[in-house]
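Residue numbers (the working numbering): 27 to 998.
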């Protein structure tokens, strides 16, 4: 579009119309200047966002573990890596535990490579291939298993991946190259490369091959409008019998330019830049700009539970030891502080407490004296755990505060054991750490092997209850018997344990099981080590929901967005949390079992269904527990088959496929892995579900604002095109058309009434009911297209009527001769008519910008729920967007000096001073305004019955959005 303006300027200057050429040049300059400034701002913003979202590294400096940006790592740094991390530099390992890295980008080997820091290569005469250096890990490789620590010996282009990058460095540009790898190329290959290069160059210039989907659509729109403009210009020339004078040529150019929304690119750039900047203030980093467009149309959010819906800071609430009873933590508000709160004991199991439904009196911290089985459990909980809890001085306040390092679940367990004086730091010195089998998502357990001072070697295991229980063959029995005599674990005993697990899960607790045994001999065979274990007890860990989660879920339902919880937790835990935050209704017991089965599923149940069976479900599950990566991908596929736009959250390596598959992948910035961040479209810096809603709200605001200024610009273009084309019927005494608007008047209207008001509309704040609107990311809806023609035709009709009334009302309709170039007494009537039409057109276009603030609501009642008087609320609404307000006021004011200043009025704008004609211009401006209000009223009547229904109630009892239920609570 800038190119079209530039060519028009060249043509105007070539035919020596310095005034028109200068005005067009001014329009070009405004577009280039504002566009350049905004592009610079956008690049700076995106640069800062890239810094925020760049991979990080955990390094040890000055005795402290700190997280730094990957590019700040230097040789000599000690770096710690774990599962999911991207290695920030080439490291020489000095410690590792079951460490495996994916080095496919270096070696092409698809399987991860197992590392061993103890290996030393002494034979320097034989070079060791990159893939066989098992004591090194390389930059940009991904840790697929285990953990390790190493010293940085190479960074940047000195790394192995850097050497490859150095050899490939060099921009090939947009020139397509012929592939010579399969022998001598054929002539057609050169032809295809040449044609492809031309297509890329032209497409790049026109903007149809670069940018976001929305930008490409608008570029195609500009191309379409360009050809329409060419046709209109030819029509102008044909109406003058191809007698192309300087003024006819300029008028043809102006008619063509009236179809080009010259401000569109500038305003779009500003809107995008502001959208990205606002996102940062709402804890959202935009990695891909096209996600901003998709956010406005999100129908479903598939969210993880831990850390997103919940605080991500686990608290151990209850412990069940079969032959001891139940321990409960009370009055604890600080997750990391073991001195905060109390531990209380009752000699009953969780299942007994649930079944009797009695108020149990928890008294002393634990049985006195402490049973040996409780001591053994505490040792397992402490040693099958790598988390640490300690006090350190806060750098800001200088006070001692409790800090923790490690996985949130292990921290909660460590805090609990520390409460009972079984802190890991105080016990681990007396034990030798022999080996460790880390947590594996496929088997959902981990084990640690220690040897004590007496030489006894024991394995300590913790993990998912069903996975640990299947490895156990003995236990100490249930009750308060402290005989320490092992008993065979029967199927009935396992049912008792599972019943207690269910009782804890129903309280929203994540339940883990503990087991141990003494071993002799080889510790390398995991299957052998983790067999014939002794079951010790269960712990229920509570991850409380964030305070704002329930309100955000309710707002999502109001916004027409379904919220699904896809979690790896136990079904009971997932269901309890889902009920607490409002994803599921609290009174599930009122619904039939079939209904509950649809709402809550396990991954095995969901994966067992075929695609057809899933598609035939009345609704998709709201909660899927024990969720695996492939389950999340299938869920997204099922939603896509229902024509839904999906946002997926994730933080781990296993979430990467689903993040990539979703329309908007949302990674966690605080606890997310680098792999998840790389696969995502946006990143939440606070890992908060409420921030997702903020992002969706901002996406809707931006989409709606784009709709507003696109409607304003194109409706004005339609009005100008119709006005100027119909105006060709006014013929002067010489048989030439008398232009109802002079060329400079047309260009001035394009600059003043298009560019700045459209910028103001792009900065409009989100309307109060934006989350009550149905999801949509379509800019060119039928409503917008119809509005564009309705406003455009009515504006053209009002301005033409103003011109005709002045010309034929008190005037005699005398059009004179050569009034398109010169002036004189015989042109006074034409000049006065132009002045009136110019004022009416300018004012109508400016009022249209205010009318576009809300596509349906009246200008006077944009906030019908406001308690203020309408005039007070109107003043507040107009003043709130001061850029738009002053743009319109400035545009209104410019009309008067342009009509009266000598030389400028009759020599440049080809119009003259007026008197009563002001009243005519005001009258038809008011007529346009009334017509716009009537049109909105008609739309409100039509859309009143089109409103979206099915809002979820406060308690979640009515799920009209998902399904309807008959009187007997069966699914219809």
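Glycine included, every Cβ here is placed at the ideal spot set by N, Cα and C.
Classification of residue i by the beta-carbon crowding that lies within 10 angstroms, buried from 16 upward
i           : result
residue 167 : buried
residue 612 : exposed
residue 800 : exposed
residue 326 : buried
residue 101 : exposed
residue 534 : buried
residue 639 : exposed
residue 808 : exposed
residue 452 : exposed
residue 867 : buried
residue 33  : exposed
residue 220 : exposed
residue 40  : exposed
residue 865 : buried
residue 129 : buried
residue 956 : exposed
Whether residue i touches residue j by CB criterion (9 Å)
i           : j           : result
residue 592 : residue 658 : yes
residue 629 : residue 603 : no
residue 403 : residue 347 : yes
residue 16  : residue 318 : With the chain running from 27 to 998 in the structure shown, residue 16 is simply not present.
residue 409 : residue 474 : yes
residue 486 : residue 540 : yes
residue 788 : residue 286 : no
residue 792 : residue 724 : yes
residue 201 : residue 223 : yes
residue 726 : residue 797 : yes
residue 436 : residue 469 : no
residue 456 : residue 419 : no
residue 714 : residue 572 : yes
Secondary structure of residue i, DSSP reduced to three states
i            : result
residue 800  : coil
residue 420  : coil
residue 568  : strand
residue 971  : Residue confidence is low: residue 971 scores 46 on pLDDT, short of 50, so the model does not pin down where it sits. No coordinate-derived value is stated.
residue 411  : coil
residue 148  : coil
residue 266  : coil
residue 366  : coil
residue 170  : strand
residue 952  : helix
residue 806  : coil
residue 763  : strand
residue 1062 : Not covered by the structure: residue 1062. The range shown for the chain is 27 to 998.
residue 533  : coil
residue 179  : strand
Candidates the options, of which the one nearest residue i by Cα
i           : options            : result
residue 502 : 767, 444, 512      : 512
residue 887 : 765, 904, 869, 690 : 904
residue 935 : 827, 871, 775      : 775
residue 125 : 588, 715, 170, 181 : 170
residue 376 : 111, 930, 344      : 344
residue 556 : 571, 535, 489, 566 : 489
residue 162 : 205, 114, 183, 862 : 114
residue 415 : 407, 380, 751, 430 : 430
residue 917 : 771, 547, 654      : 771
residue 244 : 944, 929, 735, 939 : 735
residue 802 : 842, 837, 825, 729 : 729
residue 577 : 552, 720, 967      : 720
residue 817 : 180, 744, 87       : 744
residue 813 : 829, 962, 847, 514 : 962
residue 265 : 281, 253, 211      : 281
residue 173 : 119, 275, 879      : 119
Heavy atom of the ligand HEM within 8 Å of residue i beta-carbon
i           : result
residue 352 : Among the components of this structure there are no ligands whatsoever, and the ligand HEM is therefore not found.
Enumerated in chain order, which unbroken segments of the alpha helix (DSSP H) with a length of 4 residues or greater are wholly contained in the segment 457 to 520? 491 to 495
Go through the segment 296 to 339 residue by residue and report every complete run of the alpha helix (DSSP H) that reaches 4 residues or more, in order. 316 to 321
Extract the residue ranges of the beta strand (DSSP E) inside the segment 609 to 669, only unbroken runs of 3 or more that lie entirely within it. 626 to 628, 649 to 651
Taking only runs that begin and end inside the segment 694 to 754, name each unbroken beta strand (DSSP E) of 3 or more residues, in chain order. 708 to 710
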